[in-house]
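S.K.: As numbered in the UniProt record's numbering, residues 1 to 282 make up the sequence shown, in order.
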Amino acid sequence: MIGRILVGLDGSKSSKVAGEYGIYLSKNLKRPVVGVHIIDIRLLEGPFLADISGGLGFSTYADILPKIKEVLEAKAEAILDEFAVECREKGGDCSIAEAYGIVVNELVNMADPEDIIIVGKKGQHQGFMPLLLGSTAEAVARKSNCPVMITADNFKEIKNILFAFDGREKSVHGAAYVNYLSKHLNVNSVKVISVFEDKVKDSEKKQEFESRLKNLLEVNFEFVDKYGEPEEMIEEFINSNKDSLDLVIMGAYGESPVRELILGSTTNYITSKSPIPVLLVK
1 MIGRILVGLD GSKSSKVAGE YGIYLSKNLK RPVVGVHIID IRLLEGPFLA DISGGLGFST
61 YADILPKIKE VLEAKAEAIL DEFAVECREK GGDCSIAEAY GIVVNELVNM ADPEDIIIVG
121 KKGQHQGFMP LLLGSTAEAV ARKSNCPVMI TADNFKEIKN ILFAFDGREK SVHGAAYVNY
181 LSKHLNVNSV KVISVFEDKV KDSEKKQEFE SRLKNLLEVN FEFVDKYGEP EEMIEEFINS
241 NKDSLDLVIM GAYGESPVRE LILGSTTNYI TSKSPIPVLL VK
């Protein structure tokens with residue numbers, strides 16, 4: 001079901017956690033993991049280097065460019081070597097890859113539809129260049145044709161899964177990942193949360209969901225029904241149960257463009273606020 005596991009590495013604490021998850025999944029799912037470092041060409045072009053060249057004592061852009069490339073390439077080698085050593089020590093099936101380009105585009109283009117991409121929530125440049133780089137994790141999740149896992153602050157083995165089910169196609173696809181991961185990771189518990197508008201009006205819809213889930217899921221599960229705004233109800237449930245949950249699985253960007261424009265994206269809301277990793281299924 002899963003081809004390769006691609007992990008975006010940039011040297012940040014967040015990406016190191018992503019690397020831990022990649023190695024863990026590689027070992028337990030018996031799938032190859034690829035540690036990927038992209039040297040962002042935006043750090044080598046235009047006003048960014050022009051602004052800092054004078055401050056570092058270089059007279060021209062051309063003078064500083066080779067030095068910056070040398071530093072970035074050395075950093076890439078160190079990051080990838082560290083990942084490869086850890087992967088081998090922990091029993092993962094590891095390879096590494098390096099490229100120049102726009103981080104999001106290169107990472108997404110490397111992945112096939114049957115792969116999984118793992119990225120940390122906060123990249124290395126999030127603090128001092130958020131407007132330049134934006135949210136790499138969000139952009140990867142939007143552009144990717146394969147599932148994307150956005151990790152949290154710390155690594156934790158996946159033994160308890162929360163599956164957010166809304167009945168749509170991407171959510172239905174998520175059930176297959178619940179089944180697959182539950183089997184290969186020896187998961188202890190699966191909870192399914194569905195959010196409805198009204199308890200009385202949506203009683204039939206709730207029954208329909210429960211019936212569909214019994215057909216979709218090959219594992220025992222606990223069904224949790226909530227009423228209100230999906231993002232608020234799911235976030236509240238995650239935070240109330242964060243010590244007993246290890247992974248959220250949900251469909252990625254299932255809202256209509258109009259709803260997302262006016263009210264925002266449930267996907268972005270959950271991934272930005274969740275204290276545990278989120279696997280977004282396409």
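Every residue, glycine too, gets a C-beta built ideally from N, C-alpha and C.
(1) Let's see if you can read the secondary structure: which residues bound the beta strand (DSSP E) around I238?
(2) Provide the residue span of the alpha helix (DSSP H) that contains L217, from first to last.
(3) Comparing C-alpha positions only, which one of L181, G22 and V104 sits nearest to A84?
(4) Rounded to whole angstroms, how far is the Cβ of I249 from the Cβ of Y180, which I believe are closer than 8 Å?
(5) Between K205 and the rest of its own chain, which residues show a CB-CB distance below 7 Å, the 5 nearest in sequence each way excluded?
(6) Alpha carbon to alpha carbon, how far is Y253 from G167? Give it in angstroms, no decimals.
(7) Can you tell me which residues form a DSSP beta bridge with I116?
(8) Does the Cβ-Cβ distance between N220 and E138 come in under 8 Å?
(9) Measure the CB-CB distance between V36 and A76 and report whether it falls below 8 Å.
(10) Check whether the segment 209-226 touches the segment 156-167, taking contact to mean three or more Cβ pairs, one atom from each stretch, closer than 8 Å.
(11) Roughly how many whole angstroms lie between the Cα atoms of E222 and D40?
(12) Helix, strand or coil, according to DSSP, for C94 in the structure here?
(13) Any idea what DSSP makes of L162, helix, strand or coil?
(14) Output needed for H173: all residues of its chain with C-beta closer than 8 Å, excluding positions within five of it in sequence on either side, in chain order.
(15) Could you check if N169 is buried or exposed, using at least 16 other CB atoms within 10 Å of its CB as the buried criterion?
(16) Please check the pair E231 and I270, which I expect to be a contact at CB under 8 Å, by giving their CB distance rounded to whole angstroms.
(17) In three-state terms, what does DSSP make of A111?
(18) Rounded to whole angstroms, what's the CA-CA distance from C87 to V278? Just pull it up for me.
(19) Taking the Cβ atom as the reference point for each residue, do I193 and K242 lie within a distance shorter than 8 Å?
(20) Am I right that S15 and G120 are in contact with their C-beta atoms under 8 Å? What's the rounded C-beta distance?
M.R.: According to the data block:
(1) As a first step, residue 238 must be located in the sequence shown, where it is residue number 238. Under the DSSP assignment, I238 falls outside any beta strand (DSSP E), being part of the alpha helix (DSSP H) whose first and last residues are P230 to S240.
(2) Counted from its first residue, the sequence shown places residue 217 at position 217. Careful: L217 lies outside any alpha helix (DSSP H) and carries neither H nor E.
(3) In the sequence shown, residue 84 corresponds to position 84, counting from 1. G22 is the residue among L181, G22 and V104 whose C-alpha sits nearest the C-alpha of A84.
(4) Taking the first residue of the sequence shown as position 1, residue 249 is located at position 249. Taking the first residue of the sequence shown as position 1, residue 180 is located at position 180. With a Cβ gap of about 10 Å, I249 and Y180 do not count as contacting.
(5) Taking the first residue of the sequence shown as position 1, residue 205 is located at position 205. Cβ contact annotation for K205 (same chain, cutoff 7 Å, sequence separation greater than five): F196, in chain order.
(6) Against the sequence shown, residue 167 aligns to sequence position 167. Against the sequence shown, residue 253 aligns to sequence position 253. Near 13 Å, if we compare the C-alpha coordinates of Y253 and G167.
(7) Against the sequence shown, residue 116 aligns to sequence position 116. Paired residue(s): I5.
(8) Here residue 220 corresponds to residue number 220 of the sequence shown, with the count starting at 1. Here residue 138 corresponds to residue number 138 of the sequence shown, with the count starting at 1. Cβ atoms of N220 and E138: not closer than 8 Å.
(9) Position 36 of the sequence shown, counted from the first residue, corresponds to residue 36. Position 76 of the sequence shown, counted from the first residue, corresponds to residue 76. Cβ atoms of V36 and A76: not closer than 8 Å.
(10) Contact annotation: the segment 209-226 touches the segment 156-167, with at least three C-beta pairs closer than 8 Å.
(11) Position 222 of the sequence shown, counting from 1, holds the residue named residue 222. Position 40 of the sequence shown, counting from 1, holds the residue named residue 40. CA-CA distance, E222 to D40, rounds to 44 Å.
(12) Here residue 94 refers to the residue found at position 94 when the sequence shown is read from its first residue. Correct three-state label for C94: strand.
(13) Within the sequence shown, residue 162 is the residue found at index 162, counting from 1. Strand at L162.
(14) Within the sequence shown, numbered from 1, the residue matching residue 173 stands at position 173. So the qualifying residues of the chain are G251, V281 and K282.
(15) The residue labelled residue 169 in the question sits at position 169 within the sequence shown. Here residue 169 is Glu; the residue named in the question, Asn, does not match the sequence. The C-beta of E169 has fewer than 16 other C-beta atoms within 10 Å across all chains shown, which makes the residue exposed.
(16) Taking the sequence shown and counting its residues from 1, the one referred to as residue 231 is at position 231. Taking the sequence shown and counting its residues from 1, the one referred to as residue 270 is at position 270. Going by Cβ atoms, the distance from E231 to I270 rounds to 6 Å, so yes, they are a contact pair.
(17) The sequence position of residue 111 within the sequence shown is 111, counting from 1. Here A111 sits in coil by DSSP.
(18) As a working note, residue 87 is residue 87 in the sequence shown. As a working note, residue 278 is residue 278 in the sequence shown. Distance between the alpha carbons of C87 and V278: 22 Å.
(19) Taking the sequence shown and counting its residues from 1, the one referred to as residue 193 is at position 193. Taking the sequence shown and counting its residues from 1, the one referred to as residue 242 is at position 242. No, Cβ-Cβ distance for I193 and K242 is not below 8 Å.
(20) The count along the sequence shown starts at 1 and reaches residue 15 at position 15. The count along the sequence shown starts at 1 and reaches residue 120 at position 120. Yes, they are in contact, since the Cβ atoms of S15 and G120 sit about 5 Å apart, within 8 Å.
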